[in-house]
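One rule links them: number in this note's numbering = place in the sequence shown (from 1) + 13.
Shown next, in structure tokens, is the structure this report addresses.
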Amino acid sequence: MKWLWFKVLPKKVQVFNWKVWKGVVTVDSLIQTSISFVSKCSCCSRGCIEDLDHLLVHSDTATHVWEYFGRACGVRCISNQNLFARQGMWFSKASHRSQMGIITGMFPSIISREVWKVRCAARFDKYQMVAENIIHRVVGSLQSLMPKLKCSKQCDFSDSLSLQILRIAKKAVRYKPIKVVR
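In structure tokens, the structure reads:
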């Protein structure tokens, strides 16, 4: 849960993910509890009822996005996970010390927010939902957050490869000078 409120994430991303965890993000399945209407997910061709798990994890678009970043970060995506299990798996692989560890902790929040934004654009502005566009937006969001990161551990080889795949520059590690007190 601490990764949802990670200080580098923009407030809009933090609040959106808090709403997701509280179950108050308005999707068709939530609206249908009081109003009867036909529901069709904007994210896939299967025509499933839109609920949070389907929209943010199981839709064709979301599945493609999660798998792309999962391969880049070495996090395995299990097909029958719900959103909270998926985010929990990513959070368990995250670390506050290395650049890639921090990125891994921020991914679930950023991916969920970007999928939601594109879903809203598709629903209300007739925008085409394409996974590659979401991937590009997620990488752009991460790149804009990189100047705010503070890492205490150097990237290892696999982290360097992941950063290269994600087109993110390596962050220099800040070392505190050792002071000898006598």
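Just so it is clear, CB atoms sit at the ideal spot from N, CA and C, and this is done for glycine as well.
Owing to the predicted nature of the structure, the values given are computational and were not obtained by experimental measurement.
Cα separation between residue i and residue j?
i      : j      : result
Phe104 : Val186 : 22 Å
Ile191 : Ala107 : 28 Å
Leu179 : Val152 : 7 Å
Lys25  : Phe170 : 33 Å
Glu127 : Val193 : 48 Å
Asn30  : Ser125 : 8 Å
Leu65  : Val33  : 8 Å
Ser165 : Cys57  : 41 Å
Phe82  : Gly36  : 25 Å
Trp79  : Cys90  : 7 Å
Ile44  : Ser173 : Interpretation of Ile44 is limited by its pLDDT of 46, a score under 50 that renders its predicted location unreliable; the figure taken from the coordinates is listed afterwards. Roughly 44 Å separates the two Cα atoms.
Ser157 : Phe97  : 26 Å
Met113 : Met159 : 11 Å
Leu162 : Lys183 : 11 Å
Val88  : Phe19  : 20 Å
Val131 : Cys168 : 32 Å
Val21  : Asn93  : 30 Å
Tyr140 : Ile115 : 31 Å
Quick test of your reading: residue i and residue j, contact by CB under 8 Å. State the CB separation rounded to the nearest angstrom.
i      : j      : result
Arg110 : Val70  : Contact flag wrong, Cβ pair sits at about 28 Å.
Cys86  : Ser154 : With 8 Å as the limit, Cys86 and Ser154 do not qualify as a contact, their Cβ atoms being about 15 Å apart.
Where does residue i fall in DSSP's three states?
i      : result
Ser42  : Interpretation of Ser42 is limited by its pLDDT of 47, a score under 50 that renders its predicted location unreliable; the figure taken from the coordinates is listed afterwards. Of the three classes helix, strand and coil, the one that applies to Ser42 here is helix, per DSSP.
Lys32  : helix
Lys166 : strand
Cys86  : helix
Ser154 : helix
Arg132 : helix
Asp73  : helix
Asp64  : coil
Lys192 : coil
Tyr140 : coil
Arg99  : helix
Ile181 : coil
Leu22  : coil
Gln94  : coil
Leu17  : coil
Pro160 : helix
Arg59  : coil
Arg126 : helix
Going by the DSSP bridge assignment, what does residue i pair with across the sheet?
i      : result
Ser111 : Lys166
* Asked: With a cut-off of 8 Å, do at least 3 Cβ pairs link the region 131-143 to the region 115-122?
  -> Contact fails: fewer than three Cβ-Cβ distances are below 8 Å.
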